[in-house]
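Okay, so here's the structure we're looking at.
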Amino acid sequence: MIWLLPLPPLLAFFLIVLVTNKKKALSHTLGVGAAALSWLGSMIVFVRALGVEHFGEHAFESVVDWLPTGETALQIGVRIDPLGAAVLFFVAWTILMIFLYSVGYQNFGQPAGDHDVKGLPPHGATVTDNMGKKHTVMSIEPMYSRFFAFLGLFACGMYTLVVSNNLLTLFVGWEIMGLCSYLLIGFWYGKKSARDAAVKAFMTTRIGDVFMLLGIAFLYSATGSLSFEVIFAEGTLHALATTPAFFGFSAAGFIGLLIFIGVVGKSAQWPLHVWLPDAMEGPTPVSAMIHAATMVSAGVYAVLRMFPLITADFSGHGLTMTMSIIAFIGSFTAIFAATIAVAQNDIKRVLAYSTVSQLGFMIAALGIGAYVAAAFHLITHAFFKALLFLGSGSVIHGMEHGALHTGEHVDPQDLFNMGGLRKKMPVTFWTFLIGGLALSGFPVLTAGFWSKDEILADAFGHGHWVVFITLAVAAFLTAFYTMRQITLAFFGEPRTRAAAHAQETPWTMTLPLVVLATFAIGYGWTGIPEHFPILGGLIPNWFHEFVGGTLAVHPEVLEFSIWPLLASIGVALGGLSFGWLAYRKVRTPRQDRLQIPVLKNKWYFDEAYDFLFVRPAAWIAEQFSYLFMDRTIIDGILHGIARGALFLGGVFRNYIDKPVINEFFGDGTGNLVKRAGAGLRKIQVGRLQYYMLASLIVLVAFAVLYYLLLA
Amino acid sequence: MNIPLSWYLILAASLFCIGLYGVLSRRNAIAILLGVELMLNAVNINLVAFWRYLDPAQMGGQVFAIIVFAVAAAEVAVGLALIISVYRSRKSVVADDIDLMKW
């Protein structure tokens, strides 16, 4: 059963690519159908998992031998433990919703565009209505089927990653997603920015992946296995924790660090965060699925998986070196990305930096050992961030409709072109508001509050003051930029005619919004701490019990403290109201006081990387690799060999081939035969008598010879 | 029995040479055919002579001679038919003129 989960999307991928490529309706039916099948399978697995007592000790597992390696075989298999089941739950839901959403987003049912070409976003089509009046409406994506094929392949990668019971297939799924991320960011490959973003994303994550692969190789050489069950056995962990490695790390810590670097790339943590905002060049469902809900979450999931290893030498007092690094990178990223998000005007870029920042929260939580809180925030974040991205896609879609309708050329993604959309797009507004409040951690009601509060409470409870304060400030900024975004987009008056004529999107887009909004509120209730005032204990803290059971040592329930709670309520409400007050009246970017260059330009990280890495790499490629290595040395050697061969060939030709072979053997034999033929021809006179005479002479000659020799 | 065997052989050899000369020197196809007949008969003389002088108890020599007659008669029939056929098409019985197969 679990084995089958990744298969339907993979099959859909091959079928769409090979067979149904030309038929758009059939392609999306296949894609959505496959996602629905996997979703159904995941739900069955999830429900069965719920029914098992102490599921952590009795995880579903199935293993086969795969690669024989000498005496033993490399085993691969599937495993669903509580963490896997919880992750599977949100992955299945978000993937299915995003597949459905894509049908509407890529304008299914709309006419083909007037001038649409493959590799560029659709530009709209002209239709004539009953009254004979011409309208410009949205047009269907020219590469519609291809989009669903890629989504299918991606879904296969994500499911593979989640159900894996070992690092090897986890890494395979990880790389499949990396490839799909590249393909989908560059989906509109006609745009240079999309091409560049795709390459940037691929290269940046590749840096992390190389380290991750090193970590996996180190782990395999140290333990001889990549299966989670073997690695996380108490004896193995103890051995790894006590083996010293390099730079004062234990083997466990060093492997954990290497794998964490892979996660830094995949989950877009500082300093490898630069690719994620640029990845917004892809279609919005891609941003929602890959760059908010699943692939970047896979990075956090990998750290969650590796948690026993990373904390193997953690005694409970004082973080280990690896954990300190993880906590530092996580909290730094959280606040750093939040400051950038404040100054971005592109609706999707704000969300992108927000994603980076929220992933930083989870990483920081893992760094301080708050396993359950990180997992909780991972799942709630996946729901509300997917919701926000889909909502922003819906906004963009509505804006594009308005832009086509009015013929006004405005950037449909710029917040300062929007305004007043709450009346035009009510469903989008309400769901976006729910998502935004969840992201801000609006108290009690939303899922984001419970998960973020748990992280803060954990940091407070274990006395990690720096992390606590950093994250609290980041949470304040989060609430602030979220409210800024909502205020600019939905409240006030329309800033452009396109915004004034925006239109609500079709049901295929709004239904996923509503479903995800339900989760963005409801999922938080599964993890209310027991000692919470009034609400605590009304609903059991199911999430803590369930997911905490994944670990060998069940994490203890944190003692309740009022301070982190007050802090989280304070920053959420403070940020929200401050954002509302500050942006209520802002009409143009000029009035926005936070448009300061250093934030606007993302702390100049792109420029710095360009100067530090990209240009030197290009210079080395040009000067050293191309001109020196390639043209001088390699080409020189090749040309030398070619010249030698040419000379040798000349020698053979002039001194062997021509005189000996041609003239002696070839022409010589030919001429000889020719001359002999000409000579012998003369005796063929055609007179019978001559022949008989000749035979007579020969006969007599032989007779004489015979007589003389033998007689 | 006072005529020795060698006389017959000399007679046969002479006859054979005359026939051979005829075959080689004459240009008329019919004359060539006549020469061939002479050579065959020279062989017949040899066969009969050897039979009579060396092994009269056996009939092999006589039988061989009779077979040669029969074959010769058949050969002449075919040969003359060919010559007539050639004559009809080319109005000639001269062997040199029959050079259809020459290079």
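Chains A and B, in that order, give the protein sequences. The end of the first sequence is residue 723 by the numbering used here, with every number in the run present. The end of the second sequence is residue 105 by the numbering used here, with every number in the run present. Every residue, glycine too, gets a C-beta built ideally from N, C-alpha and C. Only a predicted model underlies this, so the values are computations on that prediction, with no experimental measurement involved.
With a threshold of 16 other beta carbon atoms within 10 Å, GLU571/A falls short and is exposed. Exclusion of the five residues before and after MET318/A leaves GLY268 and ILE271 as the residues of its chain whose Cβ lies within less than 7 Å of its Cβ. Per the coordinates, the alpha-carbon of THR458/A lies some 13 Å from the alpha-carbon of LYS397/A.
For LEU427/A, the closest of ALA210/A, MET641/A, MET495/A and TRP462/A by C-alpha to C-alpha distance is MET495/A. If you keep only unbroken alpha helix (DSSP H) runs of at least 4 residues inside the region 480 to 541 of chain A, you get 509 to 512 and 519 to 534.
Contact of LEU36/B with chain A by beta-carbon distance below 7 Å is absent, the smallest such distance being about 14 Å. Approximately 7 Å separates the beta-carbon atoms of SER580/A and ALA487/A; this is inside 8 Å, confirming the contact. Chain-order list of chain A residues neighbouring ASP99/B: empty, with the shortest C-beta distance near 10 Å, by a criterion of under 7 Å. At a cut-off of 9 Å between beta-carbon atoms, SER27/B makes contact with chain A. Within 8 Å of the CB of LEU700/A, the CB atoms of chain B belong to ILE34 and ALA97, in sequence order along the chain. Each residue's CA atom was taken as its position, placing PRO524/A and GLY43/A some 16 Å apart.
In terms of Cβ geometry, LEU7/B and ALA67/B do not form a close pair [threshold 9 Å].
Annotation: VAL103/A to PRO320/A spans about 23 Å, alpha carbon to alpha carbon. For LEU11/B, the nearest beta carbon of chain A is not closer than 9 Å to its own beta carbon. Distances from the CA of GLN607/A to each of ASP618/A, ALA594/A and PHE101/A were compared; the closest alpha carbon is that of ALA594/A.
Within 9 Å of the CB of LEU705/A, the CB atoms of chain B belong to LEU26, in sequence order along the chain. Contact between the region 507 to 515 of chain A and the region 402 to 422 of chain A is present: 3 or more CB-CB pairs across the two stretches fall below 8 Å.
In this structure TYR493/A does not touch THR296/A by the C-beta definition: roughly 19 Å separates them, more than the 8 Å allowed.
As the crow flies, the alpha-carbon of ALA59/B is around 59 Å from that of ARG687/A. Contact between the region 212 to 223 of chain A and the region 240 to 254 of chain A is absent: fewer than three C-beta pairs spanning the two stretches fall below 8 Å.
For LEU42/B, not one C-beta of chain A is nearer than 9 Å to its own C-beta. The beta carbons of SER463/A and ALA385/A sit closer together than 9 Å. In the displayed model, ILE92/A falls within a strand according to three-state DSSP. According to the DSSP assignment, PHE72/A belongs to the beta strand (DSSP E) that extends over 72 to 81.
Between LEU22/B and chain A, the shortest Cβ-Cβ separation is below 9 Å.
Here the alpha carbons of LEU79/A and GLY236/A stand approximately 13 Å from one another. Looking at the DSSP output, LYS146/A sits in a beta bridge with THR140/A. With a threshold of 16 other beta carbon atoms within 10 Å, VAL308/A meets it and is buried. If one requires a minimum length of 4 residues, the alpha helix (DSSP H) runs lying completely within the region 393 to 443 of chain A are 433 to 436, in chain order.
Runs of the beta strand (DSSP E) lying entirely within the region 37 to 78 of chain B, each at least 3 residues long, are absent. Distance from the CA of TRP15/A to the CA of PHE72/A, rounded to the nearest whole angstrom, comes to 11 Å. Taking C-beta atoms as the reference points, LYS36/A and ILE152/A count as a pair closer than 9 Å. Positions of the alpha helix (DSSP H) runs, each at least 4 residues long and wholly inside the region 607 to 632 of chain A, are given as 609 to 612, 617 to 621 and 627 to 631 in order along the chain. DSSP places ALA124/A within a strand segment (E or B) once states are collapsed to three.
With a threshold of 9 Å between beta carbons, LEU708/A makes contact with chain B.
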